[in-house]
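Counting from 1 along the sequence shown, just add 6 to a position and that's the residue number in the numbering used here. No residue lacks a Cβ here, since even glycine has one placed at the ideal position from N, Cα and C.
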Amino acid sequence: MMPYALVALAPLLHLLAALLVVLLHLAGRARGEAGEPLTARLTLGACVLACGVLLILDGLALVQGAPGQVRVAEWFASGTLRVSLSFTLDGLSLGLGTLVAAIGLVTLRFSAQYMHREAGFHRFFIGMNLFVAGMLGIILAGNAVLAFVGWELVGLSSWMLIGYAFEQETATVNAQRAFLTNRVGDAGFLLGIALAQLWLGSLEWADIAVGAGHLPTLYISLLSLGFVSAALAKSAQVPFSPWIARALEGPTPSSAIFYGAVMVHVGVYLLIRLEPVLSAAPGVMSLLAMIGLGTALYGGIVGYAQTDVKSALLFATLTQVGLMFLACGLGLFQLAAWHMALHMVWRTWQFLAAPSYMHLLDAATPPAPAWLRRSPRLYTAALQRFWLEPLADHLLTRPTQALARDVRAVDDNVVHHIMGMSEARRAAALLGEEAVVKGRGLAGAALMWLARHLDHFEQHLVLRGIGGRLGAGLRRLGGWLTWAEGLFEQPRYLLLIVMATLVVIL
Numbered sequence: 007m008m009p010y011a012l013v014a015l016a017p018l019l020h021l022l023a024a025l026l027v028v029l030l031h032l033a034g035r036a037r038g039e040a041g042e043p044l045t046a047r048l049t050l051g052a053c054v055l056a057c058g059v060l061l062i063l064d065g066l067a068l069v070q071g072a073p074g075q076v077r078v079a080e081w082f083a084s085g086t087l088r089v090s091l092s093f094t095l096d097g098l099s100l101g102l103g104t105l106v107a108a109i110g111l112v113t114l115r116f117s118a119q120y121m122h123r124e125a126g127f128h129r130f131f132i133g134m135n136l137f138v139a140g141m142l143g144i145i146l147a148g149n150a151v152l153a154f155v156g157w158e159l160v161g162l163s164s165w166m167l168i169g170y171a172f173e174q175e176t177a178t179v180n181a182q183r184a185f186l187t188n189r190v191g192d193a194g195f196l197l198g199i200a201l202a203q204l205w206l207g208s209l210e211w212a213d214i215a216v217g218a219g220h221l222p223t224l225y226i227s228l229l230s231l232g233f234v235s236a237a238l239a240k241s242a243q244v245p246f247s248p249w250i251a252r253a254l255e256g257p258t259p260s261s262a263i264f265y266g267a268v269m270v271h272v273g274v275y276l277l278i279r280l281e282p283v284l285s286a287a288p289g290v291m292s293l294l295a296m297i298g299l300g301t302a303l304y305g306g307i308v309g310y311a312q313t314d315v316k317s318a319l320l321f322a323t324l325t326q327v328g329l330m331f332l333a334c335g336l337g338l339f340q341l342a343a344w345h346m347a348l349h350m351v352w353r354t355w356q357f358l359a360a361p362s363y364m365h366l367l368d369a370a371t372p373p374a375p376a377w378l379r380r381s382p383r384l385y386t387a388a389l390q391r392f393w394l395e396p397l398a399d400h401l402l403t404r405p406t407q408a409l410a411r412d413v414r415a416v417d418d419n420v421v422h423h424i425m426g427m428s429e430a431r432r433a434a435a436l437l438g439e440e441a442v443v444k445g446r447g448l449a450g451a452a453l454m455w456l457a458r459h460l461d462h463f464e465q466h467l468v469l470r471g472i473g474g475r476l477g478a479g480l481r482r483l484g485g486w487l488t489w490a491e492g493l494f495e496q497p498r499y500l501l502l503i504v505m506a507t508l509v510v511i512l
C-alpha cells in the first residue's frame, strides 16, 4: 500500500510549485523577464515529477492490479462526519490522471515560450499550477470532499486567468460571469455532499456507489441532481453554456487546457465516476440525455456562425462534450470515457496550434453553410448564440452586481458610521447638508420626500427643547431605517424574504 500513497505527490507538487513562485516573486527573485526561466523551471519540474509519479503507479497497477481505494490518512472528524485523505486508483483515474499530467506538461512547456515577456508571466504560471493541482485532485480523489477542494481550485484558477488582463474591463466582467455561473454548480456539489453524508453516512466515492443502491428512487434522484448540476455548470452544458464563450478572454494556453482539453471534460468525468448512482435514477439519466443532445445541437449550430478560430473550436468542443453527456444519459459510460480521452488530446493540439492558423491558411474564412443561411431566423439566432448570454446576465450577473452595490452601500452608510467617520462628514450629516442615504427611483424619491417632512416635523414639534445629541442620534437612526425600507422594496430582497418564509414553513 505504501508505494500507492505516493499518489498524493501528484497534486501536491504543483501546489508547492505555485507557492514557491509566489514566495520567490515576493522576495524579488522571480520578477520580470530575468525571473522567467526560474518560474518556468519550477513549474516544468513539478510537471515532470508528477508525470513520473503517475507513470510509476501505472506500472505497478499493470503488474499488481489497480488497488482501487487508497487511504493515506484521516483529514478531519467531527461526530459522525469523517473525511479521509483518500485516493481512487482504478483504471479510469490512473489513465486519465496520467493524461492530464502529460497535457499539463505539454501546455506549460508551450507557455514558457508563448508568454515570454508578458507582464503577467509569473501570475500566469501560478494560476496554471493551481489548475493542474486542482484537476489531478478531482480525478484522483477518493471522496467527494477532496474532489470538491480540487473543484474549487480549478474554479479559482479559471477566474484568475480569464481576468488575466485585469486592466481591461472586458476581462474582469467575463471572469465575473464565469465565476458566478460556476458557483451555481458548486452549490449543487455541496448539496450532493450534504445528502450523501445525511443518507449514506459516508463521503467516499466507493461507499456512495454501493450505498446509493439501497436508497429509495426519490433519494437517489435528489442525490444525483446535486452532482449533475455541478457537472452541467463546469462543462458548460445548456443552460450554463454562456460563460464559456466569454472565457476565451484569457491567454491561448489557458484556453487550450481549460476549455478545449481538460476542464470542460471534468463534468463528464464526474458522471462516469457516479455511474452506479446515476444508473439507479432513470429520470436523471433521461434529463442528462436531453441536455447533452440540446447542447450538441446548440454548439453545432452556433459554431457554424463563428468567424474566429478560437470561438469555432470552442463551440466544436461544446458539441463533442454534449455528445459525451448524451452517451452518459444513454448508459454508455465507457464510450463517453474513450470519447473524452481522445477528444482531450485532439483539442489540445488544435488550440495550441490556433495562433498559427492565420499564417497557415491563405483563404478567407468560409461562410456559414447554405442550409443555415437560407433560414434568416435560425442564422440570426446562431449569430446571437440563441440569446443565452444576455439572459444569463439578466438572471445571474446583474442581480449579483446589484447585491454587491447594496452591500457596499451598507458598508459606506452603516458600518462606516458605526466605526467612525471624518468630522467634516459627521458635521455635514448632522446639519442635514449630506444625506446618509439617497433614494433611487420613484419609491426612493417618495421615501426621501416623506423623510424630509418627518424630519421637519420632528425638528419643530417633537425635538424642540431636547438635547442636540439625542436629536442627532434619532435623525441618524431615521436615515438608516429609511434606507433599509427602500432596500427591502427591491425585487431581489422580496424574493429572498419569500424563499426564507417557505423554508421556515417547510
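Tell me residue i's beta-bridge partners as DSSP assigns them.
i    : result
T354 : For T354, which the question treats as bridged, DSSP gives no partner whatsoever.
R391 : BP columns for R391 are empty, so no partner.
R77  : S92
A318 : Beta-bridge pairing links A318 to no other residue.
S163 : Partner(s): none; S163 has no beta bridge.
A83  : R88
E210 : N149
Pick out whichever of the options has its Cα sitting closest to the Cα of residue i.
i    : options                : result
A153 : L105, S164, L100, L91  : L91
F127 : P259, L186, G198       : P259
G71  : H122, R88, V272, L98   : L98
W377 : A302, Y385, T371       : Y385
L63  : A388, V268, L146       : L146
L394 : Q174, V27, G148, V244  : V244
A193 : E210, Y10, V234        : V234
A185 : N149, F131, P248       : What sits at residue 185 in the sequence shown is Phe, not Ala. Taking only the C-alpha atoms, the option nearest F185 is P248.
A79  : V13, A342, N188, T223  : V13
N135 : G161, A171, A215       : G161
A52  : E210, R37, L68, A23    : A23
T94  : R115, R279, S208, M291 : R279
R391 : R404, Q340, F246       : F246
N149 : Y304, R411, I263, G207 : G207
H31  : I226, F131, W455, L224 : F131
L299 : A333, E281, P372, I214 : A333
A370 : F357, L397, D314       : D314
N188 : A239, G156, A202, A342 : A239
I109 : L50, T325, R380        : L50
L324 : R404, G335, Q340, I297 : I297
V416 : W486, E281, M454       : W486
What would DSSP say about residue i, mapped onto helix, strand or coil?
i    : result
T371 : coil
R380 : coil
A415 : helix
F339 : helix
L201 : helix
L254 : helix
A147 : strand
E173 : coil
E124 : coil
P17  : helix
T313 : coil
L280 : coil
R432 : Summary for R432: the model assigns pLDDT 45, below 50, so the residue's position carries little reliability; its value from the coordinates is reported in the next sentence. Helix at R432.
E246 : The residue you asked about is not Glu; residue 246 is Phe in the sequence shown. F246 falls in the coil class under three-state DSSP.
G110 : helix
S241 : coil
G38  : coil
G71  : coil
Here's a check: name, in chain order, each residue in its chain whose Cβ is nearer than 6 Å to the Cβ of residue i, leaving out the five neighbours to either side.
i    : result
A46  : A118
A212 : Q75
P17  : A139, L142, G143
A237 : G273, L276, L277
A215 : P282
To which residues of the same chain is residue i closer than 7 Å at the C-beta, ignoring the five residues directly before and after it?
i    : result
T176 : E255
L389 : A311
G9   : According to the sequence provided, residue 9 is Pro. The question's Gly does not apply to it. Same-chain partners within the cutoff: L66.
Quick check on residue i - is its C-beta less than 8 Å from some C-beta in chain D?
i    : result
L303 : Given the protein chain composition of this structure (a single chain), no chain D is represented.
Residues in the same chain with beta-carbon distance under 8 Å from residue i, minus the five sequence neighbours each way, listed in chain order, please.
i    : result
L159 : L136, F137, A139, G140, G143
H271 : S241, V327, M330, M346, H349, M350
G101 : D64, A347
Subject >> Three CB pairs or more closer than 8 Å across the stretch 100-120 and the stretch 335-354 >> reply: yes
**OP:** Check whether the stretch 246-254 touches the stretch 166-183, counting contact only when three or more Cβ pairs, one atom from each stretch, lie closer than 8 Å.
**Re:** yes
**OP:** Indicate whether the contact test is met: 3 or more Cβ pairs, each with one atom in the stretch 274-289 and one in the stretch 356-366, closer than 8 Å.
**Re:** no
Original post:
Do the stretch 292-307 and the stretch 214-225 touch if we need at least three Cβ pairs shorter than 8 Å?
Top reply: no
Original post:
So, do the stretch 188-204 and the stretch 259-271 have three or more beta carbon pairs nearer to each other than 8 Å?
Top reply: no
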